[in-house]
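Under the UniProt record's numbering, the first residue of the sequence shown is numbered 1, with each subsequent residue one higher. Scroll down for the structure; my scribbles are underneath it.
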Amino acid sequence: MVTRIKTDICVIGAGSGGLSVAAGAVQMGADAVLLEGHKMGGDCLNYGCVPSKALLSVAKQAHALGGGGRFGLAPSPAPAQVDFAAAKDHVRRAIDTIAPVDSEERFRGLGVRVIREYGRFISPTEVQAGDHVITARRFVIATGSSPLVPPINGLDGVPYHTNETIFEDREKPAHLIIIGGGPIGLEMAQAHARLGCQVTVVEGARALGRDDPEAVALILARLREEGVTILEGLQAARVSGKAGAITLETQDGQRITGSHLLVAVGRKVNLDRLDLHKAEVEHDRAVRVGADLRSSNRRVYAIGDAAGGMQFTHVAGYHAGVVIRSALLGLPSKAREDHIPRVTYTDPELAQIGPTEDEARALHGDALTVARFDMAENDRAIAEDRRAGFVKVMVLRGRPIGATIVGASAGDLVGIWAMAIANRLKMSAVAGTVLPYPTLGEANKRAAGAYFSPKLFESSVVKRVVRTVQRLLP
Ligand SMILES: Cc1cc2nc3c(=O)[nH]c(=O)nc-3n(C[C@H](O)[C@H](O)[C@H](O)COP(=O)(O)OP(=O)(O)OC[C@H]3O[C@@H](n4cnc5c(N)ncnc54)[C@H](O)[C@@H]3O)c2cc1C
Ligand SMILES: NC(=O)c1ccc[n+]([C@@H]2O[C@H](COP(=O)([O-])OP(=O)(O)OC[C@H]3O[C@@H](n4cnc5c(N)ncnc54)[C@H](O)[C@@H]3O)[C@@H](O)[C@H]2O)c1
């Protein structure tokens, strides 16, 4: 028998974006229904950010154990003796520790009606989930994305991992072949290499191809030093073999044999189950939305990965805020992308916000100034021997529009530029901030200082003024 529910807001998908909308909605007094067909917490908690960062952290510890020699500590064997299954226990513990925050129980407690079924539109104003039919004033599609599995010859005949299975596997791969040198491919490459696996990355174009080439070169050099083989400009064309002995053949005929295979070639938005045509919601590879995140059906919003822009947890959370303002308060609300940072958590980390140097030069030509500071000159980086990297800031008419940071803790360091760009602050706001010494964060202030140095120290006008003032002073 069908149960009919009427609500203010029906959220489809309980991942990073959907959970934030549902929690915000009930806490602000709206009635909300939340649909989830699979695991509460979505990709980030179960198959994405959390397990990948947990595995990277074990790998970092293992790597550190092998690197004491340069500090005069008795060197341990490198790589450290790794209990791979125990590393996966750490991954599981991290997920289990966070899971209650995203759980059905917590959301029911907040007052959200949670239905553990996949939802599909049956009309422009109704969604069916199991034997529930939900009529809502507003719908939010927050269905996320899944690993894209490319049509590589033979792939369906061999066992392979995606991000949905690799974190579960407790058996240490002797040789992991990774198709795709994007953030997933490279994070997993470094994690596995540091845990004692042989790793080969096969990348069809350029690894981390959307990022600043100078920063990427630094990361690839580090990965190669650590033993990762990275083959660029080689499309995977065919795979064959069986568990434990998988051969990948590239388009130009090179053959690589490994024990395990990870496919990490991008994402496919989860739209298949939604019957979007019944809701008159237009889509291509994602739901088509405007800056207000509304689709062709004004009652229906799309957020996070489903909205087709930047695919990050913090973007899904930011979208949730935009939708809440519009759907709950009826206020005009638009999403921006210019102030959104992204970070790849290799070691060194790579953080980017706004355009890269090349992109900014193409957009603004001679009006652009690039301010830079090398981590090698940061006292804390020297003290800790973490000197690789730099801060580069793209500046237009005195305001930062982009930043690239590569180096230790780049993901944390980029925060100050995220704040500056989000609030359209001037470079003087960063240059004029006093930061504690010695911190890596001072590199940001020094980059801002580098922007002003030529104006201050190479200006004949400044020199003339100072000389005049000095003559007049008693
Ligand atoms: C390996 C990996 C590492 C990552 N690392 C990071 C990182 O470090 N930092 C970062 O910011 N981002 C990272 N990401 C990206 C991040 O995970 C996603 O951008 C984020 O999870 C998107 O949130 P979302 O709410 O759009 O979708 P999701 O979190 O994927 O949630 C969507 C939910 O909708 C459900 N669903 C789908 N269809 C339906 C339906 N019809 N009815 C009901 N429920 C449905 C799904 O089961 C899922 O639970 C990573 C991704 C991967 C794969
Ligand atoms: N730290 C983070 O925030 C983080 C980490 C992981 C993933 N993510 C999110 O997940 C998204 C997906 O990551 P991803 O790494 O899977 O995708 P991606 O699209 O960023 O990279 C995939 C790579 O695979 C290559 N490729 C495609 N087909 C190929 C083939 N047949 N042979 C060889 N190479 C091929 C592409 O050239 C590309 O470089 C990211 O863009 C990001 O939004 C974020």
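Glycine is no exception: its CB is placed at the ideal position from the N, C-alpha and C atoms. Since the model is a prediction, treat every value here as computed from it, not as a measurement.
Counted as a single uninterrupted DSSP element, the alpha helix (DSSP H) harbouring F84 occupies residues 84-98. About 7 Å separates the CB atoms of L55 and F167; that is less than 8 Å, so the two are in contact. As a beta-bridge residue in DSSP terms, G407 pairs with E349.
DSSP places H192 within a helical segment (H, G or I) once states are collapsed to three. Nearest to I405 by C-alpha distance, out of R446, K426, L368, is R446. If you compare the alpha carbons of G181, D102, R120, V434 with that of A207, the shortest gap goes to G181. Rounded to the nearest angstrom, the Cβ distance from L248 to I177 is 5 Å, consistent with a contact under 8 Å. Note on geometry: alpha-carbon atoms of Q190 and G266 lie some 18 Å from one another.
Assignment of H63 by DSSP, reduced to helix, strand and coil, places it in the helix class. Pairing G411 with Y345 gives a Cβ-Cβ distance under 8 Å.
In its chain, beyond the 5 residues on either side, P173, L176 have a beta carbon closer than 6 Å to the beta carbon of H260. Here T97 is exposed, its C-beta having fewer than 16 other C-beta atoms within 10 Å. By the 16-neighbour rule on beta-carbons within 10 angstroms, A59 is buried. In the three-state reduction of the DSSP assignment, V300 falls in the strand class. Counting only runs of at least 3 residues, the segment 224-281 fully encloses the following beta strand (DSSP E) elements, listed from N- to C-terminal order: 229-231, 236-242, 245-250, 255-258, 260-263, 267-269. Excluding the 5 residues flanking it on each side, S326 has same chain C-beta neighbours closer than 8 Å at D292, L293, R294, Y301, P332, S333, in chain order. Shown here for S296: same chain residues with a beta carbon closer than 7 Å to its own, the five before and five after excluded, namely E280, V281, E282, R288 in chain order. Taking non-hydrogen atoms of ligand 1 into account, the C-beta of E36 is found less than 7 Å away from one of them. Here the segment 227-244 lies against the segment 151-165, with 3 or more beta-carbon pairs under 8 Å apart.
For L176, the enclosing beta strand (DSSP E) stretches over residues 175-179. In the assembly as shown, Y437 is an exposed residue. Its beta-carbon has fewer than 16 other beta-carbons within 10 Å. For I152, the Cβ falls inside the 7 Å cut-off from some heavy atom of ligand 2.
Non-local C-beta neighbours of A30 in its own chain, meaning closer than 6 Å and more than five positions away in sequence, comprise D8, I9, L328, ordered along the chain. At least 8 Å separates the beta-carbon of V343 from that of A371.
Within the segment 439-465, the complete alpha helix (DSSP H) segments of 4 residues or longer fall at 442-457, listed in chain order.
A Cβ-Cβ separation of about 6 Å places I219 in contact with L350 under the 8 Å criterion. Here the C-alpha atom of Q251 lies approximately 8 Å from the C-alpha atom of R238.
The beta-carbon separation of I179 and A86, rounded to 28 Å, does not stay under the 8 Å limit for a contact.
Counting only residues of its own chain and dropping the five nearest sequence neighbours on each side, R120 has a CB closer than 7 Å to the CB of V127, Q128, R273, L274, D275.
Short of 7 Å from the beta carbon of G398, and not among the five residues preceding or following it, lie these beta carbons of its own chain, in chain order: K426, M427. Our two residues, A388 and D374, have alpha carbons roughly 8 Å apart in a direct line. Short note on T3: C-beta not closer than 7 Å to any heavy atom of ligand 2.
Beta-bridge annotation (DSSP): G119 is paired with A129. At a Cβ-Cβ threshold of 8 Å, I401 and G365 do not count as neighbours. Straight through space, the alpha carbons of A136 and V112 are spaced by roughly 14 Å.
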